[in-house]
Each structure stands twice: as structure tokens, then as C-alpha cells.
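These notes are about the structure you will find just below.
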């Protein structure tokens, strides 16, 4: 289980970093839109996608931890 936990931690860190980078790029697109409605919409959509991606990754980790806890029989609260 140590390898799985280590891999999950690295993937979570990677997803977090990519989410922040994506959000920053989306913010730059939004800020440099200069009134162009298409660019504003593109920036907003990219922000939402980066936030949703990070949330989905975090939920995946929570689900995996819950399943591991159920399978191992441990009784720990989240």
C-alpha cells in the first residue's frame, strides 16, 4: 500500500500545481480580453474547468481513501 499512497500523493501534488497554473493562465486570458466577449468567455470557462478539475481530483482521493479504509476494516473518521 505504500507505493499506492506515494503515487496518489505525487499525483495530487501534480494536479494541484497544474490546477493553479491553469487558473493563472485563465486569469491572464480574462484580464487581457480588453472587452472581447469571446476572450472573456474563454477565460471564465478555463477558470471553471481548472477549479472543477482540482475538485474532481480531491474527490477521487477521498473516495480512494474511503474504499481503502472499508476494505482494510479500519474505523477512522474523515
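Residue numbers (the working numbering): 40 to 117.
Cβ coordinates follow ideal geometry from the N, Cα and C atoms, glycine included.
With H, G and I counted as helix, E and B as strand and the rest as coil, what does DSSP make of residue i?
i	result
residue 108	helix
residue 99	helix
residue 75	coil
Looking at residue i: is its Cβ nearer than 8 Å to the Cβ of residue j?
i	j	result
residue 85	residue 72	no
residue 41	residue 93	no
residue 79	residue 69	yes
residue 100	residue 51	yes
residue 89	residue 62	yes
residue 47	residue 103	yes
Over what stretch of residues does the alpha helix (DSSP H) that includes residue i continue unbroken?
i	result
residue 44	41-70
Do we get a CB-CB distance below 8 Å when we pair residue i with the residues of chain B?
i	result
residue 86	Annotation note: the requested chain B is absent from the structure, which comprises a single protein chain.
Out of the options, which one is the CA nearest neighbour of residue i?
i	options	result
residue 56	109, 112, 97, 77	97
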